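For the sequence shown, our numbering assigns the number 99 to the initial residue and increments by one for each residue that follows. Virtual Cβ for every residue (Gly too), placed ideally from N, Cα, C. All figures in this text were calculated on a predicted structure; none of them were measured in a lab. What follows is a single structure, written as structure tokens, with notes after it.
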Amino acid sequence: MKSREKRRKKDAKPVIFVVLASTFKSDPRVTQEVQTIIKNNYYPYILAWDRLSKFPTREINNYMTLINLPLIPSITFNKLFFAISALLFQLAIFIHGLKVLRHQKKLIIHANDFNTLPGSILLKVVFHNRVKIVYDSHELTPAVYDEWYGSAVSK
């Protein structure tokens, strides 16, 4: 049993923890990034916020792990539900990051968009020698928060 575990660890690809605040399959930029990650012999562990609960919660294959989190689904946009879901998503990033770190000496987090940074940064602060963050901003998110919640939140 121990030799099998050693072999699995030896053969295991380094993991890149990809976090995004939208669905993976609906974002062609992230899909393309993940294809590049796979081509470069990394294993992507993807945590996606499925705001409309459209996708299966877990898809695992030899090339990647995809976790779709529905959190608090809402048929219509609700600022309070969105804010609570956003906070829960930060907690989910931290918890899933802990799960990955149990099996990895070091972890690269690919944080897509501003609203994936707090949970990613918390992992970096707690495991500062083991975690690196790549930040990829697809939109100007603070401007959106300014529109929804006022300038006090976006600054």
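Please report the distance separating the alpha-carbon of residue i from that of residue j.
i	j	result
ILE269	PHE115	Past the boundaries of the shown model lies residue 269; the chain is included only from 99 to 253, so the question cannot be answered.
HIS201	HIS194	12 Å
GLN188	ARG156	18 Å
MET162	LYS123	13 Å
So residue i and residue j are supposed to be a Cβ contact under 8 Å. How far apart are they, rounded?
i	j	result
ILE182	SER218	Not a contact, Cβ separation roughly 19 Å.
ALA209	VAL117	5 Å
LEU186	LEU169	5 Å
At which residues does the beta strand (DSSP E) containing residue i begin and terminate?
i	result
PRO216	That residue, PRO216, is in no beta strand (DSSP E); its alpha helix (DSSP H) goes 215-224.
PHE115	113-118
Identify every residue that forms a DSSP beta bridge with residue i.
i	result
THR163	TYR143 and ILE158
ASN210	LEU118 and ASP234
Can you tell me where the alpha helix (DSSP H) holding residue i begins and where it ends?
i	result
LEU169	Looking at the DSSP string, LEU169 is not in any alpha helix (DSSP H), and its letter there is neither H nor E.
LYS177	177-199
LYS137	126-137
Using beta-carbon positions only, say whether residue i and residue j come within less than 8 Å of one another.
i	j	result
TYR233	LEU220	no
PRO154	ASN166	yes
ALA110	TRP147	no
VAL198	TYR143	yes
VAL224	LEU205	no
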